[in-house]
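Residue numbering for the sequence shown follows this note's numbering, beginning at 107 and increasing consecutively. Note that beta-carbon positions come from the ideal geometry of N, C-alpha and C, so glycine has one too. Notes follow once the structure below has been shown.
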Amino acid sequence: MSAKHSVSSSSVFTVDRNRAARFVRVPRRRNAERHFLFVISFTCSLGGLLFGYNTGVINGAVSFIEADLQLRPSLVGLVTGSLLVGAAFGAFFGGHFSDKFGRYKVTFVNAFMFIFGTLLSALAPSFEVMLFSRVLLGLAVGCASATVPVFLAELAPSEKRGQMVTRNELMCVTGQLIAFLSNAILGNVWADNLHIWRWMLVLAIVPAFVLLFGTWAFVPESPRWLMASNRHNEAFEVLKSIRTNEEQAKAELEEVQQLIDEDRKLHQNETISQIISERWARQCLFIGLGTALCQQVTGVNAIMFYGTEILQKSGMSNKAALIANISNGLVSLLATFVGIWLLSRSCRRPMLMWAQFGTVIVHLIIAFCNLFMHEGFLKGTVILTLCVVFLAFQQGSISPVTWLILAEIFPLRIRGIGISLTTFVLWLMMSFIGILFPILAESVGVSATFFAFSAFNVFALLFSIFWLPETRGKSLEELEKEFKSEDWEKLKRAGDFNFDENGSDQSDGPKDAPLRYESDRERTELGRNAENGRANGRRSDE
107 MSAKHSVSSS SVFTVDRNRA ARFVRVPRRR NAERHFLFVI SFTCSLGGLL FGYNTGVING
167 AVSFIEADLQ LRPSLVGLVT GSLLVGAAFG AFFGGHFSDK FGRYKVTFVN AFMFIFGTLL
227 SALAPSFEVM LFSRVLLGLA VGCASATVPV FLAELAPSEK RGQMVTRNEL MCVTGQLIAF
287 LSNAILGNVW ADNLHIWRWM LVLAIVPAFV LLFGTWAFVP ESPRWLMASN RHNEAFEVLK
347 SIRTNEEQAK AELEEVQQLI DEDRKLHQNE TISQIISERW ARQCLFIGLG TALCQQVTGV
407 NAIMFYGTEI LQKSGMSNKA ALIANISNGL VSLLATFVGI WLLSRSCRRP MLMWAQFGTV
467 IVHLIIAFCN LFMHEGFLKG TVILTLCVVF LAFQQGSISP VTWLILAEIF PLRIRGIGIS
527 LTTFVLWLMM SFIGILFPIL AESVGVSATF FAFSAFNVFA LLFSIFWLPE TRGKSLEELE
587 KEFKSEDWEK LKRAGDFNFD ENGSDQSDGP KDAPLRYESD RERTELGRNA ENGRANGRRS
647 DE
(Lines of atoms letter the chains of each structure in order from A and count residues from 1; the text may use other names and numbers.)
(Lines give C-alpha, C1' and ligand atoms only; values in the text may rest on other atoms or scores of the structure.)
Protein backbone atom coordinates (compact mmCIF):
# COMPACT_ATOMS: atom_id res chain seq x y z
CA MET A 1 0.00 0.00 0.00
CA SER A 2 1.37 3.38 -0.97
CA ALA A 3 2.09 6.10 1.54
CA LYS A 4 -0.75 8.10 0.09
CA HIS A 5 -3.32 5.49 1.05
CA SER A 6 -1.75 3.97 4.12
CA VAL A 7 -1.54 5.11 7.71
CA SER A 8 0.60 3.19 10.16
CA SER A 9 0.31 3.40 13.92
CA SER A 10 4.01 4.16 13.96
CA SER A 11 3.81 6.84 11.27
CA VAL A 12 5.08 10.35 11.91
CA PHE A 13 2.31 12.78 10.99
CA THR A 14 3.32 16.12 9.55
CA VAL A 15 0.22 18.17 10.21
CA ASP A 16 -0.71 21.37 8.44
CA ARG A 17 -2.29 22.83 11.57
CA ASN A 18 -3.62 25.93 9.86
CA ARG A 19 -5.60 23.74 7.48
CA ALA A 20 -6.61 21.21 10.13
CA ALA A 21 -7.70 23.88 12.60
CA ARG A 22 -10.82 24.50 10.55
CA PHE A 23 -12.05 21.03 11.41
CA VAL A 24 -11.13 20.58 15.07
CA ARG A 25 -11.22 22.41 18.37
CA VAL A 26 -8.69 20.64 20.59
CA PRO A 27 -9.72 20.10 24.23
CA ARG A 28 -7.20 21.50 26.71
CA ARG A 29 -7.42 19.33 29.82
CA ARG A 30 -7.16 15.69 30.79
CA ASN A 31 -10.26 13.64 29.89
CA ALA A 32 -11.72 16.75 28.28
CA GLU A 33 -12.20 14.73 25.10
CA ARG A 34 -15.18 13.03 26.77
CA HIS A 35 -16.88 16.35 27.42
CA PHE A 36 -15.92 17.55 23.94
CA LEU A 37 -17.45 14.41 22.41
CA PHE A 38 -20.64 14.97 24.41
CA VAL A 39 -20.89 18.57 23.15
CA ILE A 40 -20.39 17.37 19.57
CA SER A 41 -22.99 14.60 19.85
CA PHE A 42 -25.51 16.91 21.56
CA THR A 43 -25.06 19.57 18.87
CA CYS A 44 -25.46 17.10 15.99
CA SER A 45 -28.46 15.48 17.70
CA LEU A 46 -30.27 18.82 17.59
CA GLY A 47 -30.98 17.85 13.99
CA GLY A 48 -32.94 14.91 15.43
CA LEU A 49 -34.75 17.20 17.88
CA LEU A 50 -35.76 19.51 15.01
CA PHE A 51 -36.87 16.43 13.09
CA GLY A 52 -39.17 15.50 15.99
CA TYR A 53 -40.42 19.03 16.67
CA ASN A 54 -41.33 19.84 13.06
CA THR A 55 -43.19 16.55 12.60
CA GLY A 56 -44.97 16.87 15.97
CA VAL A 57 -45.88 20.57 16.12
CA ILE A 58 -48.41 20.24 13.30
CA ASN A 59 -50.48 17.99 15.62
CA GLY A 60 -51.71 20.92 17.72
CA ALA A 61 -51.25 23.70 15.19
CA VAL A 62 -53.28 22.18 12.36
CA SER A 63 -56.73 23.12 13.72
CA PHE A 64 -55.64 26.76 14.11
CA ILE A 65 -54.02 26.76 10.63
CA GLU A 66 -57.20 25.28 9.15
CA ALA A 67 -59.35 28.02 10.68
CA ASP A 68 -56.96 30.92 10.01
CA LEU A 69 -56.12 30.07 6.38
CA GLN A 70 -59.61 28.59 5.75
CA LEU A 71 -58.39 25.23 4.47
CA ARG A 72 -60.55 22.27 3.50
CA PRO A 73 -59.50 18.73 4.66
CA SER A 74 -57.59 17.91 1.46
CA LEU A 75 -55.45 21.05 1.85
CA VAL A 76 -54.89 20.28 5.54
CA GLY A 77 -53.52 16.90 4.48
CA LEU A 78 -51.23 18.58 1.96
CA VAL A 79 -49.86 20.98 4.60
CA THR A 80 -49.03 18.00 6.83
CA GLY A 81 -47.85 15.64 4.11
CA SER A 82 -45.76 18.18 2.19
CA LEU A 83 -43.09 18.13 4.91
CA LEU A 84 -42.88 14.36 4.53
CA VAL A 85 -42.61 14.52 0.73
CA GLY A 86 -39.73 16.95 1.14
CA ALA A 87 -38.21 14.65 3.76
CA ALA A 88 -38.31 11.71 1.35
CA PHE A 89 -36.20 13.59 -1.19
CA GLY A 90 -34.01 15.10 1.53
CA ALA A 91 -33.22 11.64 2.87
CA PHE A 92 -32.62 10.25 -0.63
CA PHE A 93 -30.15 12.96 -1.66
CA GLY A 94 -28.80 13.84 1.79
CA GLY A 95 -26.50 10.84 1.93
CA HIS A 96 -25.08 11.64 -1.52
CA PHE A 97 -24.41 15.27 -0.59
CA SER A 98 -22.75 14.32 2.71
CA ASP A 99 -20.50 11.87 0.86
CA LYS A 100 -19.56 14.49 -1.72
CA PHE A 101 -19.24 17.66 0.39
CA GLY A 102 -18.70 16.27 3.89
CA ARG A 103 -20.90 15.74 6.96
CA TYR A 104 -19.89 19.08 8.51
CA LYS A 105 -20.89 21.24 5.52
CA VAL A 106 -24.20 19.44 5.04
CA THR A 107 -25.07 19.81 8.74
CA PHE A 108 -24.15 23.51 8.65
CA VAL A 109 -26.24 24.21 5.53
CA ASN A 110 -29.05 22.13 7.01
CA ALA A 111 -29.17 24.46 10.03
CA PHE A 112 -29.73 27.41 7.66
CA MET A 113 -32.54 25.49 5.96
CA PHE A 114 -34.19 24.84 9.32
CA ILE A 115 -33.98 28.55 10.21
CA PHE A 116 -35.29 29.82 6.87
CA GLY A 117 -38.04 27.18 6.64
CA THR A 118 -39.19 27.87 10.20
CA LEU A 119 -39.42 31.64 9.66
CA LEU A 120 -41.19 31.22 6.33
CA SER A 121 -43.78 28.79 7.73
CA ALA A 122 -44.47 30.97 10.78
CA LEU A 123 -45.00 34.07 8.60
CA ALA A 124 -46.86 32.30 5.78
CA PRO A 125 -49.74 34.52 4.55
CA SER A 126 -51.33 31.85 2.35
CA PHE A 127 -51.65 28.13 1.71
CA GLU A 128 -49.13 28.26 -1.15
CA VAL A 129 -46.38 29.86 0.96
CA MET A 130 -47.11 27.44 3.81
CA LEU A 131 -46.85 24.50 1.41
CA PHE A 132 -43.49 25.69 0.07
CA SER A 133 -42.09 26.32 3.56
CA ARG A 134 -43.15 22.86 4.74
CA VAL A 135 -41.47 21.21 1.74
CA LEU A 136 -38.29 23.17 2.53
CA LEU A 137 -38.45 22.08 6.17
CA GLY A 138 -39.03 18.54 4.94
CA LEU A 139 -35.84 18.65 2.89
CA ALA A 140 -33.97 19.68 6.05
CA VAL A 141 -35.69 17.01 8.16
CA GLY A 142 -34.95 14.25 5.63
CA CYS A 143 -31.37 15.36 5.18
CA ALA A 144 -30.91 15.34 8.97
CA SER A 145 -32.41 11.84 9.23
CA ALA A 146 -29.90 10.55 6.66
CA THR A 147 -26.84 12.51 7.81
CA VAL A 148 -26.93 12.81 11.60
CA PRO A 149 -26.89 9.08 12.55
CA VAL A 150 -23.98 8.44 10.16
CA PHE A 151 -22.12 11.53 11.39
CA LEU A 152 -22.52 10.46 15.03
CA ALA A 153 -21.47 6.88 14.27
CA GLU A 154 -18.31 8.06 12.50
CA LEU A 155 -17.33 10.43 15.32
CA ALA A 156 -18.00 7.98 18.17
CA PRO A 157 -15.48 5.45 19.49
CA SER A 158 -16.69 1.89 18.89
CA GLU A 159 -17.64 1.30 22.54
CA LYS A 160 -19.90 4.41 22.53
CA ARG A 161 -21.28 4.17 19.01
CA GLY A 162 -24.60 2.61 19.95
CA GLN A 163 -25.10 5.10 22.78
CA MET A 164 -24.41 8.13 20.56
CA VAL A 165 -26.55 6.96 17.64
CA THR A 166 -29.38 6.06 20.03
CA ARG A 167 -29.17 9.58 21.45
CA ASN A 168 -30.38 10.86 18.08
CA GLU A 169 -33.49 8.64 18.27
CA LEU A 170 -34.15 9.92 21.79
CA MET A 171 -33.80 13.51 20.60
CA CYS A 172 -36.40 12.84 17.88
CA VAL A 173 -39.07 11.71 20.35
CA THR A 174 -37.98 14.46 22.78
CA GLY A 175 -38.61 16.99 20.00
CA GLN A 176 -42.11 15.60 19.52
CA LEU A 177 -42.80 15.79 23.26
CA ILE A 178 -41.58 19.42 23.38
CA ALA A 179 -43.87 20.21 20.44
CA PHE A 180 -46.88 18.67 22.22
CA LEU A 181 -46.07 20.56 25.43
CA SER A 182 -45.68 23.92 23.68
CA ASN A 183 -48.89 23.30 21.70
CA ALA A 184 -50.81 22.59 24.91
CA ILE A 185 -49.49 25.69 26.71
CA LEU A 186 -49.94 28.12 23.83
CA GLY A 187 -53.23 26.59 22.71
CA ASN A 188 -54.76 26.92 26.18
CA VAL A 189 -53.39 30.32 27.16
CA TRP A 190 -54.24 31.96 23.81
CA ALA A 191 -57.02 29.65 22.62
CA ASP A 192 -59.01 32.51 21.06
CA ASN A 193 -56.09 33.78 18.99
CA LEU A 194 -56.23 32.17 15.54
CA HIS A 195 -52.63 33.27 14.86
CA ILE A 196 -51.22 31.29 17.80
CA TRP A 197 -50.13 28.56 15.37
CA ARG A 198 -47.44 30.95 14.11
CA TRP A 199 -45.86 31.02 17.58
CA MET A 200 -46.10 27.22 17.78
CA LEU A 201 -44.12 26.91 14.55
CA VAL A 202 -41.57 29.66 15.20
CA LEU A 203 -40.32 28.10 18.47
CA ALA A 204 -38.29 25.66 16.37
CA ILE A 205 -35.96 28.51 15.48
CA VAL A 206 -34.31 28.31 18.93
CA PRO A 207 -32.75 24.82 18.51
CA ALA A 208 -32.07 25.67 14.85
CA PHE A 209 -29.88 28.63 15.87
CA VAL A 210 -28.18 26.51 18.54
CA LEU A 211 -27.46 23.89 15.86
CA LEU A 212 -26.01 26.56 13.57
CA PHE A 213 -23.78 28.12 16.22
CA GLY A 214 -22.81 24.78 17.81
CA THR A 215 -21.82 23.30 14.45
CA TRP A 216 -19.71 26.34 13.61
CA ALA A 217 -18.07 26.52 17.06
CA PHE A 218 -17.57 22.89 18.11
CA VAL A 219 -18.28 20.25 15.47
CA PRO A 220 -15.33 18.88 13.44
CA GLU A 221 -15.54 17.12 10.11
CA SER A 222 -15.98 13.34 10.17
CA PRO A 223 -12.53 11.69 10.36
CA ARG A 224 -13.78 8.85 8.16
CA TRP A 225 -14.89 11.29 5.44
CA LEU A 226 -11.54 13.10 5.67
CA MET A 227 -9.72 9.77 5.29
CA ALA A 228 -11.89 8.82 2.31
CA SER A 229 -10.94 12.21 0.80
CA ASN A 230 -7.21 11.46 1.36
CA ARG A 231 -6.91 14.22 4.00
CA HIS A 232 -5.12 12.02 6.52
CA ASN A 233 -3.48 14.74 8.62
CA GLU A 234 -6.75 16.55 9.24
CA ALA A 235 -8.43 13.25 10.14
CA PHE A 236 -5.64 12.55 12.65
CA GLU A 237 -6.10 15.97 14.28
CA VAL A 238 -9.84 15.36 14.62
CA LEU A 239 -9.34 11.91 16.13
CA LYS A 240 -6.77 13.23 18.61
CA SER A 241 -9.35 15.71 19.90
CA ILE A 242 -12.05 13.08 20.53
CA ARG A 243 -9.99 10.06 21.61
CA THR A 244 -8.12 9.36 24.83
CA ASN A 245 -4.60 9.62 23.40
CA GLU A 246 -2.54 9.72 20.20
CA GLU A 247 -1.90 5.97 20.18
CA GLN A 248 -5.61 5.22 20.14
CA ALA A 249 -6.14 7.82 17.40
CA LYS A 250 -3.36 6.29 15.27
CA ALA A 251 -4.72 2.76 15.75
CA GLU A 252 -8.20 3.85 14.74
CA LEU A 253 -6.84 5.75 11.75
CA GLU A 254 -5.15 2.54 10.59
CA GLU A 255 -8.41 0.65 11.02
CA VAL A 256 -10.45 3.22 9.11
CA GLN A 257 -7.96 3.24 6.22
CA GLN A 258 -8.11 -0.55 5.89
CA LEU A 259 -11.91 -0.48 5.88
CA ILE A 260 -11.93 2.22 3.20
CA ASP A 261 -9.52 0.21 1.04
CA GLU A 262 -11.69 -2.88 1.45
CA ASP A 263 -14.80 -0.89 0.51
CA ARG A 264 -13.12 0.42 -2.66
CA LYS A 265 -12.14 -3.09 -3.71
CA LEU A 266 -15.67 -4.40 -3.21
CA HIS A 267 -17.32 -1.62 -5.22
CA GLN A 268 -14.76 -1.32 -8.00
CA ASN A 269 -16.37 -1.33 -11.49
CA GLU A 270 -19.71 -2.61 -10.14
CA THR A 271 -22.97 -1.05 -11.33
CA ILE A 272 -26.33 -1.02 -9.58
CA SER A 273 -27.89 -3.16 -12.32
CA GLN A 274 -25.19 -5.79 -11.81
CA ILE A 275 -25.80 -5.80 -8.07
CA ILE A 276 -29.58 -6.28 -8.22
CA SER A 277 -29.40 -8.83 -11.04
CA GLU A 278 -28.72 -11.48 -8.40
CA ARG A 279 -31.76 -13.13 -6.79
CA TRP A 280 -30.50 -12.87 -3.19
CA ALA A 281 -29.88 -9.13 -3.59
CA ARG A 282 -33.43 -8.59 -4.86
CA GLN A 283 -34.74 -10.56 -1.89
CA CYS A 284 -32.84 -8.28 0.50
CA LEU A 285 -34.33 -5.23 -1.19
CA PHE A 286 -37.81 -6.77 -1.08
CA ILE A 287 -37.52 -7.48 2.64
CA GLY A 288 -36.14 -4.02 3.35
CA LEU A 289 -38.91 -2.28 1.41
CA GLY A 290 -41.55 -4.53 2.99
CA THR A 291 -40.25 -3.82 6.49
CA ALA A 292 -40.33 -0.06 5.82
CA LEU A 293 -43.92 -0.25 4.53
CA CYS A 294 -45.03 -2.37 7.49
CA GLN A 295 -43.68 0.25 9.89
CA GLN A 296 -45.90 2.93 8.35
CA VAL A 297 -49.18 1.00 7.88
CA THR A 298 -49.45 0.82 11.67
CA GLY A 299 -50.92 4.31 11.44
CA VAL A 300 -48.52 5.74 13.98
CA ASN A 301 -48.21 9.02 12.14
CA ALA A 302 -51.96 9.46 11.96
CA ILE A 303 -51.82 9.68 15.76
CA MET A 304 -48.58 11.69 15.93
CA PHE A 305 -49.85 14.21 13.33
CA TYR A 306 -53.59 14.26 14.08
CA GLY A 307 -53.84 12.99 17.67
CA THR A 308 -55.44 16.23 18.83
CA GLU A 309 -58.09 16.09 16.10
CA ILE A 310 -58.81 12.40 16.82
CA LEU A 311 -59.47 13.29 20.47
CA GLN A 312 -61.62 16.26 19.44
CA LYS A 313 -63.74 14.04 17.18
CA SER A 314 -64.23 11.65 20.11
CA GLY A 315 -65.79 14.43 22.19
CA MET A 316 -62.95 16.29 23.93
CA SER A 317 -62.73 20.06 23.79
CA ASN A 318 -59.81 21.63 21.92
CA LYS A 319 -58.10 22.67 25.17
CA ALA A 320 -58.51 19.22 26.76
CA ALA A 321 -57.31 17.47 23.59
CA LEU A 322 -54.14 19.60 23.47
CA ILE A 323 -53.33 18.72 27.08
CA ALA A 324 -54.24 15.04 26.70
CA ASN A 325 -52.06 14.76 23.60
CA ILE A 326 -48.98 15.38 25.79
CA SER A 327 -49.37 11.82 27.08
CA ASN A 328 -48.74 10.54 23.54
CA GLY A 329 -45.37 12.28 23.45
CA LEU A 330 -44.47 11.25 26.99
CA VAL A 331 -45.28 7.58 26.39
CA SER A 332 -43.35 7.66 23.10
CA LEU A 333 -40.26 8.93 24.94
CA LEU A 334 -40.52 6.37 27.76
CA ALA A 335 -41.28 3.52 25.34
CA THR A 336 -38.18 4.40 23.31
CA PHE A 337 -36.04 3.84 26.42
CA VAL A 338 -37.77 0.49 26.97
CA GLY A 339 -37.29 -0.47 23.32
CA ILE A 340 -33.57 0.27 23.46
CA TRP A 341 -33.29 -1.89 26.59
CA LEU A 342 -35.27 -4.74 25.01
CA LEU A 343 -33.23 -4.74 21.80
CA SER A 344 -30.10 -5.72 23.70
CA ARG A 345 -31.94 -8.67 25.27
CA SER A 346 -34.49 -9.93 22.75
CA CYS A 347 -34.54 -11.32 19.22
CA ARG A 348 -35.89 -9.04 16.51
CA ARG A 349 -38.58 -11.28 14.97
CA PRO A 350 -40.67 -12.15 18.05
CA MET A 351 -40.30 -8.62 19.43
CA LEU A 352 -41.72 -7.16 16.21
CA MET A 353 -44.43 -9.78 15.64
CA TRP A 354 -45.91 -9.53 19.15
CA ALA A 355 -46.08 -5.75 18.80
CA GLN A 356 -47.78 -6.07 15.39
CA PHE A 357 -50.34 -8.48 16.88
CA GLY A 358 -51.00 -6.03 19.72
CA THR A 359 -51.43 -3.22 17.18
CA VAL A 360 -54.10 -5.20 15.28
CA ILE A 361 -56.10 -5.69 18.48
CA VAL A 362 -55.76 -2.08 19.69
CA HIS A 363 -56.81 -0.64 16.32
CA LEU A 364 -59.88 -2.89 16.26
CA ILE A 365 -60.89 -1.67 19.72
CA ILE A 366 -60.35 1.98 18.69
CA ALA A 367 -62.55 1.42 15.64
CA PHE A 368 -65.36 -0.22 17.65
CA CYS A 369 -65.21 2.47 20.36
CA ASN A 370 -65.51 5.23 17.74
CA LEU A 371 -68.40 3.36 16.16
CA PHE A 372 -70.53 2.55 19.23
CA MET A 373 -69.60 4.95 22.06
CA HIS A 374 -71.32 8.31 22.40
CA GLU A 375 -69.18 11.42 22.06
CA GLY A 376 -68.01 12.84 25.37
CA PHE A 377 -65.20 12.91 27.89
CA LEU A 378 -65.46 9.16 28.64
CA LYS A 379 -65.09 8.22 24.98
CA GLY A 380 -62.18 10.63 24.61
CA THR A 381 -60.46 9.12 27.66
CA VAL A 382 -60.90 5.57 26.33
CA ILE A 383 -59.55 6.55 22.89
CA LEU A 384 -56.60 8.34 24.52
CA THR A 385 -55.79 5.25 26.62
CA LEU A 386 -55.89 3.02 23.55
CA CYS A 387 -53.65 5.44 21.62
CA VAL A 388 -51.15 5.36 24.47
CA VAL A 389 -51.14 1.54 24.47
CA PHE A 390 -50.62 1.51 20.71
CA LEU A 391 -47.72 3.99 20.97
CA ALA A 392 -46.12 1.75 23.59
CA PHE A 393 -46.15 -1.09 21.02
CA GLN A 394 -44.98 1.21 18.24
CA GLN A 395 -42.18 3.17 19.90
CA GLY A 396 -41.13 0.37 22.24
CA SER A 397 -40.84 -2.29 19.56
CA ILE A 398 -41.99 -1.68 15.97
CA SER A 399 -40.06 1.54 15.27
CA PRO A 400 -36.70 0.60 16.89
CA VAL A 401 -36.78 -2.92 15.41
CA THR A 402 -37.60 -1.55 11.95
CA TRP A 403 -34.73 0.94 11.95
CA LEU A 404 -32.35 -1.70 13.31
CA ILE A 405 -33.44 -4.26 10.69
CA LEU A 406 -32.90 -1.70 7.92
CA ALA A 407 -29.40 -1.06 9.27
CA GLU A 408 -28.60 -4.78 9.53
CA ILE A 409 -30.39 -6.43 6.61
CA PHE A 410 -28.26 -5.20 3.72
CA PRO A 411 -24.85 -6.77 3.06
CA LEU A 412 -22.21 -4.27 2.04
CA ARG A 413 -22.58 -4.66 -1.73
CA ILE A 414 -26.18 -3.39 -1.69
CA ARG A 415 -26.05 -1.24 1.45
CA GLY A 416 -26.02 2.10 -0.37
CA ILE A 417 -28.93 1.45 -2.72
CA GLY A 418 -30.80 -0.54 -0.07
CA ILE A 419 -30.79 2.11 2.64
CA SER A 420 -31.48 4.92 0.15
CA LEU A 421 -34.48 3.15 -1.40
CA THR A 422 -36.03 1.94 1.86
CA THR A 423 -35.67 5.33 3.55
CA PHE A 424 -37.18 7.04 0.49
CA VAL A 425 -40.14 4.64 0.43
CA LEU A 426 -40.64 4.95 4.19
CA TRP A 427 -40.88 8.75 3.98
CA LEU A 428 -43.17 8.60 0.93
CA MET A 429 -45.51 6.19 2.73
CA MET A 430 -45.47 8.49 5.75
CA SER A 431 -46.46 11.44 3.54
CA PHE A 432 -49.17 9.34 1.87
CA ILE A 433 -50.78 8.61 5.25
CA GLY A 434 -50.32 12.21 6.39
CA ILE A 435 -52.13 13.51 3.31
CA LEU A 436 -54.93 10.91 3.21
CA PHE A 437 -55.88 10.59 6.89
CA PRO A 438 -57.87 13.85 7.25
CA ILE A 439 -59.62 13.14 3.95
CA LEU A 440 -60.57 9.59 5.04
CA ALA A 441 -61.58 10.70 8.54
CA GLU A 442 -63.89 13.32 7.01
CA SER A 443 -65.36 11.12 4.25
CA VAL A 444 -65.66 7.60 5.76
CA GLY A 445 -65.07 8.35 9.44
CA VAL A 446 -62.40 7.56 12.03
CA SER A 447 -63.85 4.08 12.70
CA ALA A 448 -63.54 2.89 9.10
CA THR A 449 -60.03 4.35 8.90
CA PHE A 450 -58.87 2.38 11.94
CA PHE A 451 -60.55 -0.79 10.64
CA ALA A 452 -58.38 -0.31 7.55
CA PHE A 453 -55.25 0.20 9.69
CA SER A 454 -56.06 -3.03 11.54
CA ALA A 455 -56.41 -4.95 8.26
CA PHE A 456 -53.13 -3.55 6.94
CA ASN A 457 -51.39 -4.68 10.11
CA VAL A 458 -52.67 -8.22 9.64
CA PHE A 459 -50.79 -8.25 6.32
CA ALA A 460 -47.76 -6.70 8.05
CA LEU A 461 -47.81 -9.49 10.64
CA LEU A 462 -48.02 -12.14 7.90
CA PHE A 463 -45.08 -10.50 6.11
CA SER A 464 -43.00 -10.70 9.29
CA ILE A 465 -43.94 -14.34 9.87
CA PHE A 466 -43.03 -15.52 6.37
CA TRP A 467 -40.31 -13.11 5.22
CA LEU A 468 -38.56 -11.33 8.07
CA PRO A 469 -35.12 -12.81 8.89
CA GLU A 470 -33.57 -12.81 12.36
CA THR A 471 -30.41 -10.69 12.31
CA ARG A 472 -29.40 -10.90 15.95
CA GLY A 473 -25.99 -12.46 16.58
CA LYS A 474 -25.05 -12.63 12.89
CA SER A 475 -22.26 -10.85 11.07
CA LEU A 476 -22.90 -9.20 7.72
CA GLU A 477 -20.94 -11.98 6.03
CA GLU A 478 -23.12 -14.65 7.67
CA LEU A 479 -26.32 -12.90 6.59
CA GLU A 480 -25.08 -12.65 3.00
CA LYS A 481 -24.23 -16.38 2.93
CA GLU A 482 -27.67 -17.29 4.30
CA PHE A 483 -29.44 -15.11 1.72
CA LYS A 484 -27.37 -16.62 -1.09
CA SER A 485 -28.16 -20.16 0.07
CA GLU A 486 -31.86 -19.24 0.53
CA ASP A 487 -31.88 -21.23 3.77
CA TRP A 488 -34.98 -19.58 5.25
CA GLU A 489 -35.07 -21.89 8.25
CA LYS A 490 -31.60 -20.66 9.21
CA LEU A 491 -32.41 -17.05 8.28
CA LYS A 492 -35.26 -17.03 10.80
CA ARG A 493 -33.04 -18.29 13.63
CA ALA A 494 -30.80 -16.07 15.72
CA GLY A 495 -27.05 -16.47 15.41
CA ASP A 496 -24.64 -17.23 18.22
CA PHE A 497 -24.55 -14.57 20.90
CA ASN A 498 -23.53 -14.19 24.51
CA PHE A 499 -24.40 -11.89 27.39
CA ASP A 500 -22.49 -9.77 29.86
CA GLU A 501 -23.26 -9.69 33.57
CA ASN A 502 -26.09 -7.18 32.95
CA GLY A 503 -27.80 -9.42 30.41
CA SER A 504 -26.83 -7.33 27.39
CA ASP A 505 -25.99 -9.01 24.11
CA GLN A 506 -22.23 -8.96 23.57
CA SER A 507 -22.24 -10.97 20.36
CA ASP A 508 -20.30 -9.99 17.27
CA GLY A 509 -23.44 -9.39 15.26
CA PRO A 510 -24.08 -6.37 13.08
CA LYS A 511 -25.03 -3.96 15.85
CA ASP A 512 -22.77 -1.34 14.31
CA ALA A 513 -23.66 -2.50 10.85
CA PRO A 514 -23.35 0.78 8.94
CA LEU A 515 -19.61 0.88 9.65
CA ARG A 516 -18.74 -2.81 9.78
CA TYR A 517 -17.92 -4.94 6.80
CA GLU A 518 -14.50 -6.49 7.32
CA SER A 519 -13.83 -10.24 7.38
CA ASP A 520 -13.41 -12.22 10.59
CA ARG A 521 -9.63 -12.33 10.15
CA GLU A 522 -9.42 -8.59 9.53
CA ARG A 523 -11.78 -7.89 12.42
CA THR A 524 -9.53 -9.79 14.81
CA GLU A 525 -6.40 -8.09 13.52
CA LEU A 526 -7.90 -4.60 13.59
CA GLY A 527 -9.37 -5.16 17.03
CA ARG A 528 -5.91 -6.18 18.25
CA ASN A 529 -4.43 -2.97 16.81
CA ALA A 530 -7.08 -0.85 18.49
CA GLU A 531 -6.58 -2.65 21.80
CA ASN A 532 -2.83 -2.07 21.57
CA GLY A 533 -3.54 1.62 21.11
CA ARG A 534 -5.78 1.67 24.18
CA ALA A 535 -3.22 -0.25 26.23
CA ASN A 536 -0.47 2.19 25.25
CA GLY A 537 -2.77 5.02 26.22
CA ARG A 538 -3.42 3.52 29.64
CA ARG A 539 0.31 3.11 30.23
CA SER A 540 0.95 6.73 29.23
CA ASP A 541 -1.81 7.91 31.60
CA GLU A 542 -0.19 5.99 34.44
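- Inter-residue distance for residue 182 and residue 359 is about 51 Å (C-alpha atoms, whole angstroms).
- The shortest C-alpha to C-alpha distance from residue 528 to any of 496, 423, 392 and 540 is the one to 392.
- Inter-residue distance for residue 511 and residue 176 is about 42 Å (C-alpha atoms, whole angstroms).
- Boundaries of the alpha helix (DSSP H) harbouring residue 454: 454 to 478, taken from the DSSP string.
- Only residues of its own chain outside the window of five on either side were considered, and among them 552 and 553 have a CB closer than 6 Å to the CB of residue 476, listed in chain order.
- A distance below 6 Å between beta-carbons, with the five flanking residues on each side excluded, links residue 455 to the following residues of its chain, in chain order: 574 and 576.
- Inter-residue distance for residue 304 and residue 364 is about 51 Å (C-alpha atoms, whole angstroms).
- Contact holds between the stretch 279 to 289 and the stretch 149 to 159, because three or more Cβ pairs, one in each stretch, are under 8 Å apart.
- Taken through DSSP and simplified to helix, strand or coil, residue 450 comes out as coil.
- Scanning the stretch 536 to 587 from its first residue to its last, the whole alpha helix (DSSP H) runs of 4-plus residues come out as 552 to 573.
- Around the C-beta of residue 451, fewer than 16 other C-beta atoms lie within 10 Å, and the residue is accordingly described as exposed.
- With a 10 Å radius around the Cβ and a threshold of 16 neighbouring Cβ atoms, residue 312 comes out exposed.
- Your pair residue 413 and residue 160 does not check out as a contact, with CB atoms roughly 16 Å apart and the cut at 8 Å.
- For residue 485, the enclosing alpha helix (DSSP H) covers residues 483 to 499.
- Non-local beta-carbon contacts of residue 428 in its own chain, meaning distances under 7 Å to residues more than five positions away in sequence, involve 166, 289, 290, 293, 294 and 414 in chain order.
- Under the three-state reduction of DSSP output, residue 285 falls in the helix class.
- Linking residue 356 to residue 343 through their CA atoms gives a straight-line distance of about 10 Å.
- Contact fails between the stretch 185 to 203 and the stretch 314 to 334, because fewer than three Cβ pairs, one in each stretch, are under 8 Å apart.
- Per the Cβ contact rule, the stretch 183 to 192 is in contact with the stretch 531 to 538 (3 or more Cβ pairs under 8 Å).
- Of the candidates 459, 231, 144 and 589, the residue whose Cα lies closest to the Cα of residue 389 is 589.
- Taking a 10 Å sphere around the C-beta of residue 345, we find 16 or more other C-beta atoms and assign the residue as buried.
- Each residue's CA atom was taken as its position, placing residue 341 and residue 323 some 18 Å apart.
- The straight-line gap separating the alpha-carbon atoms of residue 306 and residue 163 is approximately 7 Å.
- Under the three-state reduction of DSSP, residue 351 is assigned to coil, being neither helix nor strand.
- Within 10 angstroms of the beta-carbon of residue 231 lie fewer than 16 other beta-carbons, which makes it exposed.
- A direct Cα-to-Cα measurement between residue 399 and residue 351 gives close to 45 Å.
- Your pair residue 430 and residue 560 does not check out as a contact, with CB atoms roughly 23 Å apart and the cut at 8 Å.
- In its chain, beyond the 5 residues on either side, 481, 482, 483, 485 and 486 have a beta carbon closer than 7 Å to the beta carbon of residue 421.
- Taking the CA atoms as reference points, residue 386 sits about 8 Å from residue 591.
- Residue 432 places its beta carbon 8 Å or farther from that of residue 461.
- DSSP places residue 239 in the uninterrupted alpha helix (DSSP H) bounded by 233 to 261.
- Residue 156 and residue 411 have their alpha carbons spaced roughly 15 Å apart.
- Distance between residue 309 and residue 225, taken at the CA atoms: about 10 Å.
- Counting the other CB atoms within 10 Å of its CB gives residue 419 a total of 16 or more, which places it among the buried residues.
- Our two residues, residue 333 and residue 540, have alpha carbons roughly 41 Å apart in a direct line.
- Judged by DSSP secondary structure, residue 319 falls within the alpha helix (DSSP H) whose first and last residues are 311 to 323.
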